[in-house]
Amino acid sequence: MMNALALIVEDDKDIAEVFDQALQRAGYETKLCLSGEIALTTLKQERPNVVVLDIHLPKVSGLDILKEIRSQSRLDKTWVIVISADSSVTDPLRRESAADFVLDKPVGYVQLRDLSARIHPNNQPEGRV
0 MMNALALIVE DDKDIAEVFD QALQRAGYET KLCLSGEIAL TTLKQERPNV VVLDIHLPKV
60 SGLDILKEIR SQSRLDKTWV IVISADSSVT DPLRRESAAD FVLDKPVGYV QLRDLSARIH
120 PNNQPEGRV
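Residue numbers 0 to 128, in numbering that gives the first Met the number 0, belong to the letters of the sequence shown in order.
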């Protein structure tokens, strides 16, 4: 059984805690990043299997973090789940396939748990781990 790490980047602490519970239930160790700056620092130190990423963050945006993840070859197997209530952001992300999954807020606990369980390394016979 492989330990999988999920990085949750969300500035709303209540929402972050719901995401945290959903990902733990799906079998991940989790790290909460309540700001974009913390997320960028954490990404230099960790290689998460999945990043749950809010787009609208103060100072460093989720789009900046997404670009950083995609520019790092050591993170090329990292799944990115973008979450936003702003369709002007999510629609282009869907078209460009910049993120692996784009979910519209509000995101339900069960929806996030089931999606993250599906992409958990223990459920991937080969490919991304």
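Note that the Cβ used here is the ideal one computed from N, Cα and C, for glycine as well.
Since we're looking at a predicted model, the values are computed, not measured.
query: I want to know whether the region 103–123 touches the region 41–56 - three or more CB-CB distances under 8 Å.; result: yes
query: Over what stretch of residues does the beta strand (DSSP E) that includes residue 83 continue unbroken?; result: 78–83
query: First and last residue of the beta strand (DSSP E) that includes residue 17?; result: Note, residue 17: premise wrong, no beta strand (DSSP E); alpha helix (DSSP H) at 12–24.
query: What's the C-alpha gap between residue 101 and residue 8?; result: 14 Å
query: Would you list the residues sitting across from residue 30 in a DSSP beta bridge?; result: 6
query: Three or more beta-carbon pairs under 8 Å between the region 32–39 and the region 55–64, yes or no?; result: yes
query: Quick check: residue 78 and residue 99, are their CB atoms within less than 7 Å of each other?; result: yes
query: Does DSSP put residue 51 in a helix, a strand or coil?; result: strand
query: Can you say whether residue 109 is buried or exposed, counting buried as having 16 or more other CB atoms within 10 angstroms of its CB?; result: exposed
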